[in-house]
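Taking it in order: structure first as structure tokens, then the write-up.
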Amino acid sequence: MSLLSILLQVAVDLAPYAKLGAGIGAGIAAVGAGIGIGNIGRGALESIARQPEAVGDIRSNMIVAAALIEGAAFFAIVVCLLILFI
Amino acid sequence: MHRLTIILLSFLMAVSASAFAAPAAGSSGQEGESGLNPGRIIIDHIIDSHEWHIASIGHTHISVPLPVILLDDGQLHVFMSSKFHHGHDAYNGYRLMPEGEYKGKIVKVLDDGVTIDSSDPLPLDFSITKNVFAILFSSILIGIIFISIARSYKRREGKEPKGLMSWMEPLILFIRDDIALPSIGHHNYMKYMPYLLTVFFFIFFNNLLGLIPLFPGGANVTGNIAVTMVMAVFTFAITTYKANKNYWVHIFNTPGVPWWLKYPVPLMPIVELMGVFTKPFVLMVRLFANITAGHIIILSFVTIIFIFGNINVGLGYGVSIFSVVFILFMTMLELLVAFIQAYVFTLLSALYFGMATEEHH
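From first to last, the protein sequence lines stand for chains D and B.
Taking numbering that gives the first Met the number 0, the leading residue of the first sequence gets 0, the next gets one more, and so forth.
Taking numbering that gives the first Met the number 0, the leading residue of the second sequence gets 0, the next gets one more, and so forth.
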């Protein structure tokens, strides 16, 4: 722990670390969106395979759910953009 | 554990070394040797502005000046923004600030034309800015299209649709049959159709116009959080005004929830009340972030060409081939996103209206 505090003393200006945090945050948001939408895709494809005549309904519901998940991911993106530019 | 500290140590040393090398300039990035500032270029194309910039050839800027309308202490000032000469000159005691705390805003300056009048720096700004002009343009376009369609429907009563009618009819029927009718119910869905149609076509047309890089298109209207906030506020207002007793009972006295979540400390009502406010808020942020992110990605691909071009002209031409392919791909994706975001906003508004007017089953 004392090693860590010595290292933090070297880093006088912490602004680059804030940008590092923003980058990592945006990356994690992308991973979260990818996992979520991937799950939706899996569920949609399995449902279509089970009942091919319901393709239309399943497709619209899949797109709605994907848009909602993207909304949540975009919250994180907006926060990271605020860190970088404000 | 020892290896972990060595890795962490070398990583942190590298980061702090670069922190010393390039002084942290705060916001949008450093300027290259040739004065190219990609962060600034991208941000300037996303935000609102008092003139419509079309091209810059060398040092001459070609832009369409827009009217500036200021209300200051009860006095109205109206003039064209070309009097500001792109932020170089003050006019009539006002100045467009290119940098600093009031960047992009019109501030009141003292008689020497430079120092800001700090007692009352910002007049009330009702100017026709780029976004306002784009909203007026798209509203007039929507008005022309739909009023002419309405007239055609009256003239061709009972006959098949022709021309512009047949173009818009699938979308209008889609909103009625797949968005309004299932969400609100056949009893009173017609009352909400005008609002849903307006919101859908406003968002859709503005999204599409924002993708066209030529003059009256290319303004980032739906990526302006004030515009999306107003639409979300309208949805919230209609939901709250039209809500019936069932809706409020579901919020403050949710059926099926144990009593100890409601009585001494009203946890459930507080959570539900937060939900009432977060739903329109998310509506606002979803549209804003989707459209702005799409525009930023396309602009980044364009700026990459200039960044590489500054290093080496040949490299610039080479990168431009790949970049243009990516830009085309992203624009196709943005067309899809334009429709999907309009659809999701309208669908969620219809769902909220349906939940607000639902009868007891």
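Idealized CB from N, CA, C, for every residue including glycine.
All values derive from a computational prediction rather than experimental measurement.
Contact note: D:LEU6 reaches chain B through LEU7, LEU8, LEU11, MET12 and SER15, using a C-beta cutoff of 9 Å and chain order. Looking from the CA of B:PHE201, the closest CA among B:VAL220, B:VAL232 and B:TYR246 belongs to B:VAL220.
If you look at B:TRP247, you'll find it in the alpha helix (DSSP H) that goes 244-251.
Contact note: D:LEU2 reaches chain B through THR4 and LEU8, using a C-beta cutoff of 8 Å and chain order.
At a C-beta separation below 9 Å, B:ASN289 has these neighbours in chain D: ALA66, GLU69, GLY70 and PHE73.
Residue pairing by DSSP places B:PHE78 opposite B:VAL67 in a beta bridge. In the DSSP assignment, B:TYR152 falls within the unbroken alpha helix (DSSP H) covering 129-154. In the DSSP assignment, B:ARG285 falls within the alpha helix (DSSP H) that extends over 266-310. In this structure, B:PHE136 and B:ILE68 do not form a Cβ contact; the two beta carbons are roughly 18 Å apart against a cut-off of 8 Å.
Under the three-state reduction of DSSP output, B:THR345 falls in the helix class. Neighbours of D:VAL63 across chain B, judged by C-beta separation under 7 Å: VAL343 and LEU346. Under the three-state reduction of DSSP, B:SER126 is assigned to coil, being neither helix nor strand. Of all residues in the region 42-58 of chain D, none is placed with a Cβ closer than 7 Å to any Cβ belonging to chain B. Comparing C-alpha distances from B:GLN340 to each of D:PHE74, D:PRO51, D:ILE82 and D:LEU67 shows the shortest one belongs to D:LEU67. Between the region 182-195 of chain B and the region 108-123 of chain B, the count of C-beta pairs closer than 8 Å stays below three; the two stretches do not touch.
With a cut-off of 8 Å on Cβ pairs, the region 130-148 of chain B is in contact with the region 198-218 of chain B, counting three or more such pairs. In the DSSP secondary-structure assignment, B:ALA89 is bridged to B:ARG94. Nearest in C-alpha terms to B:PHE325, of all of B:ARG285, B:PHE300, B:LYS161 and B:GLY157, is B:PHE300. Residues of chain D with a Cβ closer than 9 Å to the Cβ of B:ARG39 do not exist, since the nearest Cβ in that chain sits about 10 Å away. Pairwise C-beta distances place the region 249-260 of chain B out of contact with the region 197-212 of chain B, as fewer than three of them are shorter than 8 Å. Secondary structure at D:VAL11: coil, using DSSP grouped into helix, strand and coil. By the CB criterion at 7 Å, B:HIS49 and B:LEU65 fall inside the cutoff. Contact between B:SER348 and B:THR277 fails: their C-beta atoms lie close to 15 Å from each other, not under 8 Å.
The Cβ neighbour count for B:TRP51, taken over all protein chains shown within 10 Å, is at least 16; the residue is labelled buried.
Straight-line measurement puts the Cα of B:TYR351 at about 30 Å from the Cα of D:GLN50. Under the Cβ distance rule, D:VAL77 counts among the residues neighbouring chain B, one pair being separated by less than 7 Å.
With 16 or more other Cβ atoms from the protein chains shown falling within 10 Å of its own Cβ, B:VAL318 counts as buried.
The beta carbon of B:MET228 sits closer than 7 Å to the beta carbons of MET283 from its chain, once the five residues preceding and following it are set aside; these are given in chain order. In terms of beta-carbon proximity, B:ILE183 stays away from the interface with chain D, with every pair separated by 7 Å or more. For B:ARG175, not one C-beta of chain D is nearer than 7 Å to its own C-beta. Taking C-beta atoms under 8 Å as the contact rule, B:LEU272 and B:ILE297 fail to qualify, at a distance of about 39 Å. About 5 Å separates the Cβ atoms of B:ILE53 and B:ILE61, confirming a contact at the 8 Å cut-off. Among the bridge pairs identified by DSSP, B:THR227 is matched with none. A Cβ-Cβ separation of about 6 Å places B:LYS241 in contact with B:THR356 under the 8 Å criterion.
Rounded to whole angstroms, the separation of the alpha carbons of B:LEU207 and B:ILE295 is 15 Å. Per DSSP, B:TRP258 is not a residue of any alpha helix (DSSP H), being assigned neither H nor E.
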